Amino acid sequence: MDRIITKQGEIKRIPLYIQGLDEVMEGGIPEGYITLICGAAGTMKSSVCFNTLYNEALKGKTAVYFTLEQSYPSLLNHVINMGYDLTKVNILLINDLSNIGANIAQLKNSKKGTLIFADLGCIRKEIKDAKIATSQNAGWLNVIKNLIKKVKTDLGVDMVVIDSLSALYVLSKFENPRIELFYVFEFLREMQVTSYLISEMPLDGSRYSEYGVEDFLCDGIIYIRLSQFRRNVVREVSIVKMRSTSVKTDIFSLEFKNGKFYALYGGQNPLL
Ligand SMILES: Nc1ncnc2c1ncn2[C@@H]1O[C@H](COP(=O)(O)OP(=O)(O)OP(=O)(O)O)[C@@H](O)[C@H]1O
Ligand SMILES: [Mg+2]
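In terms of our numbering, the sequence shown is residues 244 to 515.
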């Protein structure tokens, strides 16, 4: 977002569709922002991102979800099991690099919103088979960048998820993360997409991302953790930062009930 607003409240926002959390962040994440969704394994990072994309797709938006580790059947099975009705949106699965244009073209005149899942695990295999050097950073980032550009040109794209940054780092070892990441973030801003970068936090909890530089480059950080209370483990969510937004930084319990996410009991002690 590089347009300067003329008055308070003019920023367009995309809700997280987490009841109780959107209300304490002026309605959602500003359009065009890059947000880290951080947390340990199994904290529902992917589900939270999918939930936003799905609800926006119901309103006609287009999004690309890059899955780098988890295969798309596994991801889709997970969300179908959670109760999302995927027949209400167009789902396009990309697991090879040929035919992308034709597949996207078919969706051009659709009235429904579109979720595109790019399975980089499959594409990785394809690139390997084709003996294209995968060790080159540029190779991997270019696959992601070119796909975003292609969808933007052919269909328009509103939102992008990269699941996960940690997996991206395994694929493309950044020699100079500060500089290379700066350009990745710049690219996403230039594309004017709202981006969600899933980040598996280092175990010592000292930073929200692998290199730490992402914490400063991003516009927002949502942190999900597992918290132990007596013999229960609960998921908790908090907004660590969100630029241009008045936020309540309370810690909330994160629950998923009847097809909907809730942030509950913000700032209160857990119920005994
Ligand atoms: N209704 C439900 N259906 C299926 N899974 C659910 C449901 N409610 C909660 N879950 C939990 O969601 C968790 C997985 O969510 P998700 O894959 O989004 O997490 P993640 O943080 O992305 O995990 P990973 O670190 O493996 O990528 C599981 O631990 C599962 O127990
Ligand atoms: Mg995940």
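Each residue gets a CB set at the ideal place from its N, CA and C atoms; glycine is no exception.
On a predicted model such as this, the values are computed, not experimentally measured, just so you know.
Helix, strand or coil: which one does DSSP assign to residue i?
i	result
F417	coil
Y426	helix
T377	Low local confidence applies: a pLDDT of 47 at T377 is under 50, so the model's placement there is unreliable, and no value is given.
E443	strand
M268	helix
Y260	coil
T330	helix
T249	coil
K255	coil
L384	helix
T437	strand
T278	strand
K393	helix
When DSSP builds the beta bridges, which residues end up paired with residue i?
i	result
F495	V480
S452	None; S452 has no bridge partner.
D406	T310
L475	Checking the displayed sequence, the identity of residue 475 turns out to be Asn instead of Leu. Per DSSP, F472.
K203	No answer is possible for residue 203: the residues shown for the chain start at 244 and end at 515.
Determine whether the Cβ of residue i lies closer than 9 Å to any Cβ atom of chain B.
i	result
S452	The structure shown contains no chain B; it is built from a single protein chain.
Return the first residue and the last residue of the alpha helix (DSSP H) that residue i is part of.
i	result
E457	456-460
L296	288-300
I343	343-349
Could you give the residue range of the beta strand (DSSP E) that holds residue i?
i	result
K503	503-507
L358	357-362
V322	Here V322 belongs to no beta strand (DSSP E); instead the alpha helix (DSSP H) covers 315-324.
Y308	305-310
N333	333-337
S470	463-472
Return yes when the C-beta of residue i is under 8 Å from any heavy atom of ligand 3, and no when it is not.
i	result
S496	Absent from the structure shown: ligand 3. Ligands present: ligand 1 and ligand 2.
Give me every residue whose Cβ sits closer than 5 Å to any heavy atom of ligand 1, in chain order.
A284, G285, T286, M287, K288, S289, S290, N324, M325, F499
Do three or more CB pairs link the region 310-318 to the region 347-367 at distances below 8 Å?
yes
Stretch pair the region 284-299 + the region 467-481: three plus CB contacts closer than 8 Å
yes
Check whether the region 321-333 touches the region 405-424, counting contact only when three or more Cβ pairs, one atom from each stretch, lie closer than 8 Å.
no
Below 8 Å, can you find three or more Cβ-Cβ pairs linking the region 481-496 to the region 293-313?
no
Sufficient close CB pairs (3 or more, under 8 Å) joining the region 442-460 to the region 329-343
no
Determine contact between the region 295-302 and the region 453-472, defined as no fewer than three beta-carbon pairs at a distance below 8 Å.
no
Taking 8 Å as the cut-off, does the region 499-512 touch the region 250-263 (at least 3 CB pairs, one atom from each stretch)?
yes
Hey, is the region 397-409 in contact with the region 430-444, meaning 3+ C-beta pairs nearer than 8 Å?
yes
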